[in-house]
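2 protein chains.
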Amino acid sequence: MAKMLFITLMVLIISGIVWYAAKVFMPQSPPQLDLEEWWGPKELKGKQDRSIRPFQVNFSSELVTDLRQRLKNHRPAVQPLEEVGFQYGFNSKALAPWIKYWAEEYPFEERQKFLNKYPQYKVNVQGLDIHFIRVKPEVSDKVSVVPLLLMHGWPGSVREFYEAIPLLTKQQDGYDFAFEVIVPSLPGYGFSDAAVRPGLGPAQIGVIFRNLMKQLGFKQFYIQGGDWGSGIAGAMTVLFPKEVLGYHSNMLFISNGYSQLRTILGAFIPSLIVEPHLAERMYPLSKFFAYLMEEFGYFHLQATKPDTVGVALSDSPTGLLAYILEKFSSWTKFENRASQDGGLSKFTREQLIDNLMMYWASNSVTTSMRLYSEAMSNKNRGLGLDKYTTTVPTWALQAKNELFYQPPNILRIKFTNLLGNTVLDDGGHFIAFELPEVFVKDVFMAVQKFRSWHGMKTEL
Amino acid sequence: MAKMLFITLMVLIISGIVWYAAKVFMPQSPPQLDLEEWWGPKELKGKQDRSIRPFQVNFSSELVTDLRQRLKNHRPAVQPLEEVGFQYGFNSKALAPWIKYWAEEYPFEERQKFLNKYPQYKVNVQGLDIHFIRVKPEVSDKVSVVPLLLMHGWPGSVREFYEAIPLLTKQQDGYDFAFEVIVPSLPGYGFSDAAVRPGLGPAQIGVIFRNLMKQLGFKQFYIQGGDWGSGIAGAMTVLFPKEVLGYHSNMLFISNGYSQLRTILGAFIPSLIVEPHLAERMYPLSKFFAYLMEEFGYFHLQATKPDTVGVALSDSPTGLLAYILEKFSSWTKFENRASQDGGLSKFTREQLIDNLMMYWASNSVTTSMRLYSEAMSNKNRGLGLDKYTTTVPTWALQAKNELFYQPPNILRIKFTNLLGNTVLDDGGHFIAFELPEVFVKDVFMAVQKFRSWHGMKTEL
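Keeping their order, the protein sequence lines are chains A and B.
The first sequence: position 163 = 163 (our numbering), numbered continuously.
One gets our numbering by counting positions in the second sequence from 1 and adding 1000 to each.
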């Protein structure tokens, strides 16, 4: 009885706070970012090559010889603790077959060809050479061509979309459009240049990608992103609501005072916030916080000392493998932590090493990790773009094993035109990579809805 | 006025809670640990060699050749961001001279001789071969010989005490005793074996070290520790209050509900908790929390995924150097973060590379980092040894740039016989290494006080 009373009281108080928060926490006019901010060397300013240059991935024989030698020469990792899977991190017993595969079996030439199967380019945007894939669909004149910007995150790469690209650029049954896809490497990732000075966070990358699309001739376009790709995309929907026609995310997540209060309210009465069968994806909060403590050490380190840990990871391919594949293990299914091999068989070995090669060949792991520091800097947290609403139509694809889950009634605090969400009973963080058909199907369905919402049929 | 009222109210409320907490938070009977718990391979149980075997550090030519080759072959680290010192971690421009020094100038043979200047041994305790230095003083019969266990932490080693050992084992003016020092490598550190199964946290290491001392014939002894050494020592004072005659710490710190409440109380009225001129070492708490966020990513990672990051750090000496020397930079003086070279000149290059060799030669960085995971495991946090008081006489040496500061009135919650503290206006986390004379002087002074407190003069 006393407990009931306490809960009722808490709910009333928190509801009041939530109502009040809704009034004060969501200001209307987003900050203006410098749309020409220069991230490259100062001396290049005004002199950069503005042309769009073809690019090909090149695994030179020097690179391959050196890499193989490093892998074969790797220092014996210490034994894992008895009866431990991946709970202390990558199990060293599971390491050996991966090292052997990368050093002795991974067909570098064949994979280089594979990675070059789509047209790739570099173009200078705000001082940085940005690497991107661009594939135009081969469809009849009756089929609309819809531009779609696909944005990866960490520790992924453009490689995550290779299985999805041919499906996205083909007309699918029931749809009168197909996608022209533009898939950039984030600045500092893979073959895109890194900023030479502090400050390039997700919002600023959003500016770069908007300018990239503009340089490619796209005044308006759709965007898709997960992981940092969703951080960048979320910023773009606030900064460029007229250019972004719709946003499909496989990791839609917002964080502002109001969303946090609603989340806390739901901890008392989940049914106010989340459908009962999905409550376990959010609650109890104690489980969520334990999970953050357990799984977000990498985030904490990368947000503070990326240049330190980056030295080892760029010098040791074995170390890079353990560091990155650990994420493909636990982020695909949390329960993989208990297994001896990390449950990595959801992906082929080629897939995972292809993705590693994007970091190794370009020596970009340090600059990739700096994005955490920039996103968490006082200046960029101060921007607080999650505090602003956007009218861009949005769709959330929510995989079973994604890192976070938020229900529509929280997501709509920011994405006022969230047209819906697809809740999956399968799949993890790297959904385009893991379940490309499911991913592509959802993107088509969502963009169809965005187009209807805009009242468009065949024209863009 | 409203603010004054609010503060008064808060202070009254918190004072009440503090008073109540003092009653309930400090139980009296500490838990009993298994004093024979077996940490080695099961099949060794009952069959281990119990003898004390001499040990020497050996930098084999294979080890040196391989290490030099790895260092020279290190992959070019990416450029630091413009106008950045160590704020993003180890500045890669400061890396080159260190790599060159280690690969080309560090005199391996000479340093091996140096590291073998004191008698070293190994002895099996609870299944693990524990490496230790033991130096008996050469003094006349009139001078008492007092056993002192010196305990290092991460990322230190027994090397931290090499400058202090000759001073500790010599009679100093004004004292009628000198120390016989026992300096073990922590299990999993340097040349001490690592546990083969989960669970070996600071308290359990305390049991191992007590058993080590017993095997060496010391029924009672003094202890000294900083960093994990102070975690281990703090546990020993609770578990073995009769064996531990006194405890000198250069990083005395406690954490329980009561200490936290007092700390919060002090945030409102610092003068209740801390002398005015020392308040800035604790407050404002916002500064302290920002510092924890900024500087404790390594802790978060090592407490959760030591085996992952360990793969890279044990494969890349360049990476290990950056990872460990970053700590010698920021923990010696926080302001070193802003400098281009990390302010590492407080130590000689030989000193810092000697210490690195303790991790590299023994390939122990992964097992050393596991201590964070064990200390933070539910089981070991559940022990909550900081909740128990100890009567062991204690002295705190408090360097200006130590990671944490707590005043006597908080430390006495646990260390009821804290005889005093020495507040330094200089020095950092690795005080024995950085300022050996200051360190030794304080240890003598403290142990003198412990002996007086026990009513001892010349006998032990």
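Ideal placement from N, C-alpha and C gives every residue a C-beta, glycine not left out.
What you are looking at is a predicted structure, and each value in this text was computed from that prediction instead of being measured.
Contacts with chain B (Cβ-Cβ distance below 9 Å) from the region 303-324 of chain A involve A303, T304, K305, P306, D307, T308, V309, G310, V311, A312, L313, S314, D315, S316, P317, T318, G319, L320, L321, A322 and Y323, listed in chain order.
Rounded to the nearest whole angstrom, the CA to CA distance from V1078(B) to R1070(B) is 18 Å.
If you draw a straight line from the Cα of Y1162(B) to the Cα of P1155(B), it comes to about 16 Å.
Along the region 75-108 of chain A, the positions whose C-beta sits under 9 Å from a C-beta of chain B are R75, P76, A77, V78, Q79, P80, L81, E82, E83, V84, F86, Q87, Y88, G89, F90, N91, S92 and L95, read in chain order.
Secondary structure in the region 125-172 of chain A: the beta strand (DSSP E) runs of 3 residues or longer, each lying completely within the stretch, are 128-135 and 144-151 in chain order.
Taking 8 Å as the cut-off, the Cβ atoms of L1385(B) and P1030(B) count as close. Taken through DSSP and simplified to helix, strand or coil, W39(A) comes out as coil. Sequence-distant Cβ neighbours of L1200(B) in its own chain, meaning closer than 7 Å and more than five residues away, are W1039, P1187 and E1374. Just so you know, the alpha carbons of I1264(B) and Y1405(B) end up roughly 14 Å apart. The C-alpha of I1413(B) is placed about 8 Å away from the C-alpha of Y1258(B).
Boundaries for A103(A): no alpha helix (DSSP H) harbours it, and the DSSP string shows neither H nor E there. For V1196(B), the closest Cβ of chain A is nearer than 8 Å. Taking 4 residues as the shortest admissible run, the region 207-272 of chain A contains the following complete alpha helix (DSSP H) segments, listed from N- to C-terminal end: 228-239 and 257-268. For Q448(A), the uninterrupted alpha helix (DSSP H) run begins and ends at P436 to H454, by DSSP. Residues of the region 289-304 of chain A with a C-beta atom less than 8 Å from some C-beta of chain B are M293, E294, E295, F296, G297, Y298, H300, L301, Q302, A303 and T304, listed in chain order. Taking the CA atoms as reference points, Y1247(B) sits about 55 Å from V64(A). For V183(A), there is no enclosing alpha helix (DSSP H); the residue is found in the beta strand (DSSP E) stretching over F177 to P184.
Counting C-beta pairs closer than 8 Å gives three or more between the region 1392-1400 of chain B and the region 1422-1430 of chain B, which meets the contact rule.
Taking a beta-carbon distance threshold of 8 Å, R1159(B) does not count as an interface residue toward chain A. Apart from sequence neighbours up to five positions away, no residue of its chain approaches S61(A) with a beta-carbon distance below 7 Å. In the DSSP assignment, G420(A) falls within the beta strand (DSSP E) that extends over L418 to V423. Residues of chain B with a Cβ closer than 8 Å to the Cβ of R370(A) are, in chain order, L1081 and Y1088. The three-state secondary structure of A396(A), taken from DSSP, is strand. For the region 1370-1404 of chain B, residues whose beta-carbon sits nearer than 9 Å to a beta-carbon of chain A comprise R1370, S1373 and M1376. Residues of the region 333-351 of chain A with a C-beta less than 9 Å from any C-beta of chain B: none at all. In the structure shown, R1197(B) adopts coil according to DSSP, grouped into three states. Assigned with DSSP and collapsed to three states, V1365(B) falls in helix.
Close to N363(A), with beta-carbon spacing below 8 Å, are these residues of chain B in chain order: R1075, P1076 and V1078. For T65(A), the closest Cβ of chain B is not nearer than 8 Å.
Annotation: the region 1304-1353 of chain B contains the following complete segments of the alpha helix (DSSP H) (minimum length 4 residues), in chain order: 1306-1315 and 1317-1330. Between D1193(B) and L1128(B) a beta carbon distance of about 4 Å is seen, short of the 8 Å cut, so the two are scored as contacting. Between the alpha carbons of M1151(B) and Q1204(B) lies a distance of about 14 Å. Within chain B, K1305 and T1308 have C-beta atoms less than 8 Å from the C-beta of E326(A), given in sequence order.
Along the length of the region 46-121 of chain A, whole beta strand (DSSP E) runs at least 3 residues long occupy 53-55, reported in chain order.
In this chain, L385(A) is not harboured by any alpha helix (DSSP H), its DSSP state being neither H nor E. It is roughly 16 Å from the alpha-carbon of D1066(B) to the alpha-carbon of M1358(B).
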